[in-house]
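*Asks:* Note that the UniProt record's numbering numbers the sequence shown so that position 218 is 218, with each residue one more than the last.
This is the structure I have questions about; it appears just below.
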Amino acid sequence: MHIADITMFYAPASGGVRTYLDAKHRRLGVKPGIRHSLLIPGAHFGEDDGVYTVPAPALPFGKGYRFPLRLAPWRNVLQDLQPDLIEVGDPYLTAWAALDARRQLDVPVIGFYHSDLPLLVGNRMGHWVTPNVDAYVRKLYGNFDRVLAPSQVMADKLSGLGVRNVFVQPLGVDLQTFHPAAHDAALRSELGIAEDSRLLIFAGRGSKEKNLPVLLDCMKRLGPRYHLLLVGSSMPASVPDNVSVIDRFCPAAQVARLMASADALIHAGDQETFGLVILEAMACGIPVVAVAAGAFEEIVSESCGLLCAPNNAQAMANAVRELFSRGAGVLGQQARQHVERHYAWDTVVDSLLGHYHAVLGDSVPRVANG
1 MHIADITMFY APASGGVRTY LDAKHRRLGV KPGIRHSLLI PGAHFGEDDG
51 VYTVPAPALP FGKGYRFPLR LAPWRNVLQD LQPDLIEVGD PYLTAWAALD
101 ARRQLDVPVI GFYHSDLPLL VGNRMGHWVT PNVDAYVRKL YGNFDRVLAP
151 SQVMADKLSG LGVRNVFVQP LGVDLQTFHP AAHDAALRSE LGIAEDSRLL
201 IFAGRGSKEK NLPVLLDCMK RLGPRYHLLL VGSSMPASVP DNVSVIDRFC
251 PAAQVARLMA SADALIHAGD QETFGLVILE AMACGIPVVA VAAGAFEEIV
301 SESCGLLCAP NNAQAMANAV RELFSRGAGV LGQQARQHVE RHYAWDTVVD
351 SLLGHYHAVL GDSVPRVANG
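Okay, here's the thing in structure tokens:
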């Protein structure tokens, strides 16, 4: 079986989609009878270990992202590769290139709905555009042989738009990188805080939908006994005294060290399609406090953390205090066990292969040609 993934959501500082594709590429690469090709944008044509770059111009101020403008180069690479199945990872030109290639190759195309496009566009342009974006999503994803969504809330949104053949396919977490063993007792000293401070962390991009002002207000209410570390690009410059900021993209191993050295992760975002950072924190052996919105209600149970009302700093502060009264250490151990059982990448990839065999009509796994 030859699987080709195609996406523009792939850049040096990109998040969940690249994490998913890299994890899949590594694991499929060692499975017998399977070949995996990954098509991503780059400065020029190239290939390295099954990863193909297709020329696309860089986005100004886009942090390394590139936006394809020509369909033909992507379609032509797919036609040259002759895959048995194509998976699309974004709703833009590469998706239409995959559908165009399908007409020549006569192979199934799966669409993975990683981002809530109507919500993203509405946040940036105003919700007057939402009906048009809804129609676009309905048309595009209605063309795929199967549609995968990372959470039930996303699957329900697609079904509500009239998209059929939608299946929930959760993502996974790197249990080796994100591990309690990444703990570093020196972190509190580096931050200049007391050893008995209750250290909270948030990691991710400082975009509007993360609702970072709620976190900052929460920290004001919690007071000096608690300290928050914000990690990621575009973080606020003005923060309370009990907040520290690492305002840059950090590699996974560095994020794991910071997470495993904290006591809990807090997250105020209310539009998350999956919440990979939540799973990464849980894999590091720390519990989470998040809002009861988006996909968080599907992945945060009482054994792993607490959910609170969205956009309510006082509710979040109360939840943080309750978390520590319950015993953050025990909850963190349970969180690690939970992700080991349900979100290991090997489990996720095996589930993906089930989708692939289903759309290919296979009753038994295929054997690759040659």
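Where a beta carbon is used, it is the ideal one built from N, C-alpha and C, also for glycine.
Tell me whether the beta-carbon of Phe274 lies closer than 9 Å to the beta-carbon of Leu148.
*Replies:* No; because the gap between Cβ atoms is not below 9 Å, this pair is not in contact.
*Asks:* What residues match up with Arg164 in a beta bridge as DSSP calls it?
*Replies:* Answer is none; Arg164 lacks a bridge partner.
*Asks:* Counting along the chain, where does the beta strand (DSSP E) carrying Phe112 start and finish?
*Replies:* First-last of the beta strand (DSSP E) with Phe112: Val109 to Phe112.
*Asks:* Anyone know if the C-beta pair for Ile193 and Leu258 falls short of 9 Å?
*Replies:* Not in contact: Ile193 and Leu258 (Cβ atoms no closer than 9 Å).
*Asks:* Would you report the Cα separation of Val137 and Pro91, rounded to the nearest angstrom?
*Replies:* Rounded to the nearest angstrom, the two C-alpha atoms are 8 Å apart.
*Asks:* Which same chain residues, not among the five before or five after Ile34, have their C-beta less than 6 Å away from its C-beta?
*Replies:* Excluding sequence neighbours, Ile34 sits near Met1 and Leu28.
*Asks:* Helix, strand or coil for Leu39, going by three-state DSSP, please let me know.
*Replies:* If DSSP states are grouped into helix, strand and coil, Leu39 belongs with the strands.
*Asks:* Can you tell me which of the three DSSP states Ala58 falls into?
*Replies:* Strand.
*Asks:* Does DSSP put Val296 in a helix, a strand or coil?
*Replies:* According to the sequence displayed, residue 296 carries Phe and not Val. Here Phe296 sits in helix by DSSP.
*Asks:* To which residues of the same chain is Tyr65 closer than 6 Å at the C-beta, ignoring the five residues directly before and after it?
*Replies:* Counting only Cβ-Cβ distances below 6 Å, and skipping sequence neighbours, we find Ala11 and Leu59.
*Asks:* Going by the CB atoms, is the gap between Arg321 and Leu229 shorter than 9 Å?
*Replies:* The answer is no: Cβ separation not under 9 Å.
*Asks:* Check this for me: beta carbons of Ala281 and Ala344, under 9 Å apart or not?
*Replies:* No; because the gap between Cβ atoms is not below 9 Å, this pair is not in contact.
*Asks:* How many whole angstroms separate the CB atoms of Val239 and Ala268, which I take to be in contact at a CB cut-off of 8 Å?
*Replies:* Contact flag wrong, Cβ pair sits at about 14 Å.
*Asks:* Among Gly126, Tyr141, Arg103 and Pro108, which residue has its Cα nearest to the Cα of Ser115?
*Replies:* The option with the nearest alpha carbon to Ser115 is Tyr141.
*Asks:* Below 6 Å CB to CB, which residues in the same chain sit around His25 once its five sequence neighbours on both sides are set aside?
*Replies:* The answer, listed in chain order, is His36 and Leu38.
*Asks:* Please report the straight-line C-alpha distance between Ala252 and Phe178, rounded to a whole angstrom.
*Replies:* Rounded to the nearest angstrom, the two C-alpha atoms are 8 Å apart.
*Asks:* Going by DSSP, what residues sit across from Tyr226 in a beta bridge?
*Replies:* Arg198.
*Asks:* Whole angstroms is fine: what's the gap from Ser189's alpha carbon to Ser197's?
*Replies:* Rounded to the nearest angstrom, the two C-alpha atoms are 11 Å apart.
*Asks:* Tell me which same chain residues have a C-beta within less than 7 Å of the C-beta of Glu195, skipping the five on either side of it?
*Replies:* For Glu195, where only same-chain residues beyond five positions count, the Cβ hits under 7 Å are Arg188.
*Asks:* To which residues does DSSP link His179 through a beta bridge?
*Replies:* Bridge partners of His179: none, in fact.
*Asks:* Contact defined as beta carbons within less than 8 Å: I believe Ala97 pairs with Leu71. What is the distance between those atoms, to the nearest angstrom?
*Replies:* Confirmed, Cβ separation roughly 5 Å.
*Asks:* Out of Leu119, Leu279 and Pro68, point me to the one whose CA is closest to Gly16's CA.
*Replies:* Closest by alpha carbon: Leu279.
*Asks:* From the DSSP secondary-structure annotation, give me the bridge partner or partners of Ala237.
*Replies:* Per DSSP, none; premise fails for Ala237.
*Asks:* In the DSSP assignment, find the unbroken beta strand (DSSP E) run with Gly47 in it and report its ends.
*Replies:* What sits at residue 47 in the sequence shown is Glu, not Gly. Unbroken beta strand (DSSP E) run through Glu47: Gly46 to Asp48.
*Asks:* May I have the straight-line CA-CA distance separating Val288 from Asp80, to the nearest angstrom?
*Replies:* Taking the straight line from one Cα to the other gives about 46 Å.
*Asks:* For Leu216, which option in Thr19, Met316, Val348 and Glu340 has the closest C-alpha, if you only look at C-alpha atoms?
*Replies:* Residue Met316 is the option with its Cα nearest to Leu216.
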